[in-house]
Amino acid sequence: MNDQKKGFVLLFTLTFILGLTALTLQFHRYCQRRLARIRWQIDQAQAAMLVRTGVAIAQEILKADKNNYDWLAEPWHQERIFQVSGGEIKLNIEDESGKINLNGILQAEGKVNTQLKDIGERLLVVLGLSHNLLDCLLDWIDEDEFPRVFGAESTYYRNLTPSYMAANQALFSAREISLIKGFEKSVLEGNEEKPGLLNLVTVVTDSKININTCHPVILRAMGFTEPEVNEILAQREIGPLEEAYLMRINRNVFLANRGLTVFRSGYFSVITEVKTVSGLTDKRRTFLSKTEEVRVIGGEPI
Ligand SMILES: [Ca+2]
Ligand SMILES: [Ca+2]
């Protein structure tokens with residue numbers, strides 16, 4: 000073989016080796032990406048399994064509560080942390096029946112639940128807002144496109160950027176109210192002095208409010224005065240409330256709200272904060288009904 004041929008073979012071999020190396024590197028990067036994707040999918044599945052485990056534990060905790068009241072000093076309300084083989088689960092159970100059901104204000108065929116509407120309006124006032132804001136909420140939920148005096152329908156929302164339409168149906172989630180005119184972020188999230196509306200309202204209950212667990216501002220919204228609320232809170236530190244006690248505190252207010260007041264809850268939510276062994280985190284709220292058995296009725300990421 001002459002030198003020219005040898006040079007050609009060497010050049011061909013080098014080019015071949017370089018090409019093969021490039022291909023190998025490309026394949027290696029592809030495998031790494033695939034592996035990362037598979038690891039991510041396994042992590043996601045692991046986190047979902049931890050959430051399901053947490054919810055199942057919460058269901059057992061609530062099933063074990065068989066007394067005729069629900070009160071914040073009961074075991075179901077204690078925060079729990081579990082270390083399991085797939086990671087860590089932090090559990091908190093909240094009482095949805097301690098909140099105001101916004102969907103309940105408007106009943107079938109557009110009929111207004113006046114008792115609940117009164118509570119809703121007074122709640123807005125206690126939070127330092129105008130009670131007229133409720134008109135916007137009712138317009139958002141009601142089927143028609145006729146705005147109430149202080150309300151807003153699609154004509155208003157179509158002029159926003161980005162524009163959208165009024166839902167004209169029951170709220171899917173309490174967070175949906177951020178789309179409604181007047182329900183600004185500060186109203187929803189609150190501040191050091193005032194609780195945020197999002198912590199006080201729900202869309203999943205039968206509209207009955209558990210007076211043993213509701214926030215003090217909801218007691219104010221029912222019509223109890225501030226000194227009366229303080230007395231009720233002191234009593235709730237000692238034990239669950241009773242009808243006779245509330246009649247003594249303020250007979251008229253208790254009777255005015257009696258149809259909506261309960262001492263035992265039918266609806267709860269479980270907040271599961273999970274962390275897989277590889278560090279993936281997930282936080283979600285799962286809604287539970289305890290009206291007959293304890294069953295899952297919905298959920299959302301937080
Ligand atoms: Ca109980
Ligand atoms: Ca409407």
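Residue numbers (numbering that gives the first Met the number 0): 0 to 301. For each residue, glycine too, the CB sits at the ideal point set by N, CA and C. Because the structure is a prediction, the values reported are computed rather than measured.
With contact defined as three or more Cβ pairs closer than 8 Å, the stretch 240–260 and the stretch 220–232 are in contact.
The beta carbons of ILE217 and LEU122 sit closer together than 8 Å.
Ranking GLU291, VAL293, LYS274 by CA distance to the CA of GLN43 puts LYS274 first. Taking 3 residues as the shortest admissible run, the stretch 77–145 contains the following complete beta strand (DSSP E) segments, listed from N- to C-terminal end: 79–83, 86–94. Looking at the DSSP output, ASN209 shares a beta bridge with VAL261.
Annotated three-state conformation of PHE149 is coil, per DSSP. For the set ARG247, GLN3, LEU170, the Cα lying nearest the Cα of VAL202 is the one of LEU170.
Remark: the C-beta of ASN167 is in contact range of ligand 2, defined as less than 7 Å to any heavy atom.
With respect to the 8 Å criterion, GLY265 and THR290 are classified as neighbours on the basis of their beta carbons. Contact check for GLU120 and LEU133: beta-carbon distance about 5 Å, within the 8 Å limit, so the pair qualifies. Distance from the CA atom of GLU227 to the CA atom of THR212, rounded to whole angstroms, is 16 Å. A contact is defined here as three or more CB-CB pairs under 8 Å, and the stretch 24–38 fails this definition with respect to the stretch 240–258. ILE104 and ILE210 have their C-alpha atoms some 18 Å from each other. The residue among ASP138, LEU128, ARG247, PRO239 with its C-alpha nearest the C-alpha of GLY195 is LEU128.
Judged by the Cβ position, ASP64 qualifies as a neighbour of ligand 1 at the 7 Å threshold, a heavy atom of the ligand being closer than this. With contacts defined by Cβ atoms closer than 8 Å, LEU137 and GLY150 form a contacting pair.
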